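**Student:** Chains as they are written, first to last, in the numbering used here: chain U, 5 to 274; chain W, 2 to 297.
1) So which residues of chain W does residue 59/U contact, with C-beta pairs closer than 7 Å?
2) Against chain W, with Cβ distances strictly below 8 Å, would residue 211/U count as a contact?
3) Taking only the alpha-carbon atoms, compute the straight-line gap between residue 22/U and residue 267/U and give it to the nearest angstrom.
4) Which of the three DSSP states, helix, strand or coil, is assigned to residue 153/U?
5) Among the residues of its own chain, which have a CB less than 8 Å from the CB of residue 144/W, if the five just before and after it don't count?
6) Just by C-beta distance, which residues in the segment 115-149 of chain W are closer than 7 Å to chain U?
7) Does any residue of chain W have a CB that is nearer than 8 Å to the CB of residue 138/U?
8) Would residue 218/U count as contacting chain W if we go by Cβ distances under 8 Å?
9) Given residue 247/W, which residues of its chain have a CB within under 6 Å of its CB, disregarding the five upstream and five downstream residues?
10) Taking Cβ positions, are residue 266/W and residue 48/W nearer each other than 8 Å?
11) Identify, in the order they occur along the chain, each residue of the same chain with its Cβ nearer than 7 Å to the Cβ of residue 87/U, setting aside the five sequence neighbours on each side.
12) So with CB distances below 8 Å, who are the chain W contacts of residue 249/U?
13) Starting from residue 139/W, follow the alpha helix (DSSP H) in both directions and report where the run begins and ends.
14) Listing by chain order, which chain W residues have their CB less than 8 Å from the CB of residue 253/U?
15) Using the C-alpha atoms, what's the distance from residue 82/U back to residue 239/W?
16) Using a Cβ-Cβ cutoff of less than 7 Å, which residues in the same chain neighbour residue 3/W once the five nearest sequence positions on both sides are dropped?
17) So residue 97/U is in the alpha helix (DSSP H); what residue range does that whole segment cover?
18) Going along the segment 82-100 of chain W in order, which residues come within less than 7 Å of chain U, judged by CB to CB distance?
19) Given a cut-off of 8 Å on the beta-carbon distance, is the pair residue 281/W and residue 113/U in contact?
20) With a CB to CB cut of under 7 Å and the five nearest residues on each side skipped, what residues in its chain are close to residue 93/U?
21) Are the Cβ atoms of residue 136/U and residue 72/U separated by less than 8 Å?
22) Could you pull out every unbroken beta strand (DSSP E) segment of at least 3 residues lying fully inside the segment 109-166 of chain U, listed in chain order?
23) With a threshold of 16 other CB atoms inside 10 Å of the CB of residue 176/W, please say whether the residue is buried or exposed.
24) Three-state secondary structure (DSSP) at residue 46/W?
25) On the DSSP letters alone, give me the boundaries of the alpha helix (DSSP H) that residue 181/U sits inside.
26) What residues of chain U sit near residue 281/W, judged by a beta carbon separation below 7 Å?
27) Contact defined as beta carbons within less than 8 Å: I believe residue 233/U pairs with residue 63/U. What is the distance between those atoms, to the nearest angstrom?
28) Checking contacts by CB at 8 Å: is residue 269/U closer than that to chain W?
29) So which residues of chain U does residue 234/W contact, with C-beta pairs closer than 8 Å?
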């Protein structure tokens, strides 16, 4: 009997953790009339999943929110990698004046949360007439000091002898950085990609500041618009919307559990 | 001759190093350094976005903030939120991690179940929680009435707003902290448990107190720091569930309202610096530890 106690405790806890997901999916396929029937029975009396999901996808441009999320996350990730990899390589393997100062600046910047920079960045973008653009949504995240820090730690362990030999063979510094050193750190790159995409797919604060055009809203902001429109009127459609917005990250997580956990908790490992 | 040969490639790598770091340096200036200076500048003026003129007001914004009942309430609310989320988020996660750590075959399953809320979009899940906690339509209150208690108006009673949001905060952070504790537990050598057993620590609780808990020290410290920083950044649940109504605004939400809804740029800059001060105090130890790992 004692053997089972941990399992029972864990199962009760997991029930609480998963209840919102279960309730979300269950409500999203139930008919509006069944809302008043509070039971956790998994099979609805009448399957209205199609209607609920259709309503969620047509009341607000759900597909557009998803597309916006993909564009913003991809744009941010690409520029982050393009700027952080060479900087980390320079910090780890090249001597140049101001290197120490740059390292200190990177570590100091690690402590500064995005929310502390939002106000001046917002004023700057407003003055430049760039609010309500994809650029405004992405710009503050073009530099990831966290990526520089992470890649620097990983690049440092790359053997100098191989770099020297490659230089002798006439490889350019660019080829060494992207072709050799980064290739040796692909797990770090994958973990960082997960970290970055999850963070920006789920972010609400910055999009809420620079976007008020529905056509440019990323998924969390779209969800907020939707729940404001749909206040209490139709829980089935609301839950269908929530399910659609949550699904991409949850599905990716279930498919690549290990690298997801590594990527998201990476800040903790370092 | 030899010095010339020595110097030339050195000069070349110096240039290359600068060229490689240049994009990052420029972005560091544009995204961090210049905005920080501008922010500090705003905080001592009465600037309002769109206004044509502004005046230097010294520290008035800061003294105003500490006399502003809304800001003080936001500060108190955030502190209450943190006081609930930090201990529950840390100790429940430790408990779950200890239980999961002992499982062999089912470990992956439990890990997945508890980590799922971390990946889910909080804005969407807060909407789901709103429905779950609904006084008449939600299953949580159905369970409470079934047990014979009065239904609880989680999102109606102003006194319960912050604790309810803290509950959702714990739900979200638990899996994250669990994974950090699992990493810490895996790093403890098995021999230590054996040694403790030999020395008479027969009961698992004794072994926990003599071996596991001290060995987890650095992990626990780190988990407490990350949990407190994320507690002070609570925003999404407020934006979805209350929008700050009935005096439920938090630090970041009141900052959002002042800076971006009411355009009180100067005042919001002062609030931002106070917020940044809190975050820096919480993260300073962690950063020094991180810096020690870096060899220049």
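Glycine included, C-beta positions come from ideal geometry on N, C-alpha and C.
This structure is a prediction, so every number in the text was calculated from the model and none was measured.
**Tutor:** Result, derived from the coordinates:
1) Per Cβ cutoff of 7 Å: no residues; residue 59/U is ~15 Å from chain W at best.
2) no
3) 22 Å
4) helix
5) none
6) 115, 116, 117, 118, 119, 120, 121, 122, 123, 124, 125, 126, 128, 129, 130, 132, 133, 138, 140, 143
7) no
8) no
9) 159
10) yes
11) 146, 147
12) 122, 124, 125
13) Neither: residue 139/W is in no alpha helix (DSSP H) and is coded neither H nor E.
14) 120, 121, 122
15) 32 Å
16) The predicted position of residue 3/W is uncertain, since its pLDDT is 39 and thus under 50; no value can be drawn from it.
17) 66-97
18) 97, 100
19) no
20) 159, 181, 185
21) no
22) none
23) buried
24) strand
25) Run containing residue 181/U: none; DSSP gives neither H nor E here.
26) 115
27) 6 Å
28) yes
29) 117, 119
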